[in-house]
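Undergrad: Below is a structure I'd like to ask you about.
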């Protein structure tokens, strides 16, 4: 909808004075201070966060040590981690429609929603890809901690891509996957199932 734009337009002095012409929009849009007009104040983020959880003064999101609760809130293409307001702020006219809180910010309606949780897997893949892009020679894979080799997933000369599992270790009753950090072929496998490895031992090498 273009309701926000129309609200701005009818408040412009040239329109209110009845002096609008066919080229008026070309002359006044966008206004020089548009970035300031559409900026969302911190208090609005906090009040929206409080409205999204029902009551920012009675947080029921679980136990937390030495930190205020925070929500990931999205609005106008932005995402912020926000501590819900206490209700002592300036106050904005607000209405909750389904899962969106609409706040009236100086005549502009802005919708706030809970943002999706961060994609941790995507961040990990991006980190691996970044490391792969900088690899120019053989890459030694490193055991992150002492443990027992549970499984070797590859053989020498096997092709691998960033993130592919190479060796699985068991340590502290948990399994840890040592993955390829770059594309290439397995140049050397130095362990087999049942072996014990030390921290920072090199179980395999990936060659470009």
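Numbering (the working numbering), first residue to last: 715 to 922. Glycine residues also receive a C-beta, built at the ideal position from the N, C-alpha and C atoms. Every value quoted in this text rests on a predicted model; they were computed, and no experiment measured them.
1. On the three-pair Cβ rule with 8 Å, is the region 858-865 touching the region 882-897?
2. Around the C-beta of residue 727, are 16 or more other C-beta atoms found within 10 angstroms, so that it is buried, or is it exposed?
3. What do you get for residue 847, buried or exposed, if any count of 16 or more other CB atoms within 10 angstroms of its CB means buried?
4. What number of angstroms, rounded off, separates the C-alpha of residue 737 from the C-alpha of residue 819?
5. Whose CA, out of 865, 907, 891, 851, lies closest to the CA of residue 898?
6. Residues in its own chain within less than 6 Å of residue 721 by CB, not counting five upstream and five downstream?
7. Tell me, which residues are paired with residue 919 by DSSP?
8. Going by C-alpha to C-alpha distance, which of 796, 823, 797 sits closest to residue 808?
9. Tell me whether the beta-carbon of residue 901 lies closer than 8 Å to the beta-carbon of residue 921.
10. Please report the residue range of the beta strand (DSSP E) in which residue 885 lies.
11. Could you check the C-alpha separation between residue 904 and residue 879 for me, to the nearest Å?
12. Which residues mark the beginning and the end of the alpha helix (DSSP H) in which residue 758 is found?
13. Which residues in the same chain have their Cβ closer than 6 Å to the Cβ of residue 873, if we skip the five residues on either side of it in sequence?
14. Given this structure, state the Cα-to-Cα distance separating residue 815 from residue 754, to the nearest angstrom.
15. Using CA atoms only, rank isn't needed, just tell me which of 810, 752, 871 is closest to residue 719.
16. Tell me residue 786's beta-bridge partners as DSSP assigns them.
17. Would DSSP call residue 728 helix, strand or coil?
18. In whole angstroms, what separates the C-alpha of residue 825 from that of residue 812?
TA: In short, the structure shows the following:
1. Verdict: yes, contact present.
2. Looking at its Cβ environment, which holds fewer than 16 other Cβ atoms inside 10 Å, residue 727 is exposed.
3. Annotation note: pLDDT 48 at residue 847 (below 50); position unreliable, no value reported.
4. Each residue's CA atom was taken as its position, placing residue 737 and residue 819 some 28 Å apart.
5. Among 865, 907, 891, 851, the Cα nearest to that of residue 898 belongs to 851.
6. Excluding five sequence positions before and after residue 721, the CB atoms of its chain that fall closer than 6 Å to its own CB belong to 821, given in chain order.
7. For residue 919, the pairing in a beta bridge is given by DSSP as 854, 902.
8. Answer by Cα proximity: 823.
9. Yes, the pair counts as a contact, with Cβ atoms nearer than the cut-off.
10. From DSSP, the beta strand (DSSP E) with residue 885 extends over 879-885.
11. So the alpha carbons of these two residues sit roughly 15 Å apart.
12. Per DSSP, residue 758 belongs to the alpha helix (DSSP H) from 756-766.
13. Residues 899 of the same chain have their beta carbon placed closer than 6 Å to that of residue 873, with the five preceding and five following residues left out of the count.
14. In this model, residue 815 and residue 754 are separated by some 14 Å (Cα to Cα).
15. Comparing C-alpha distances from residue 719 to each of 810, 752, 871 shows the shortest one belongs to 752.
16. Beta-bridge pairing links residue 786 to 795.
17. DSSP places residue 728 in helix when its eight states are reduced to three.
18. About 11 Å.
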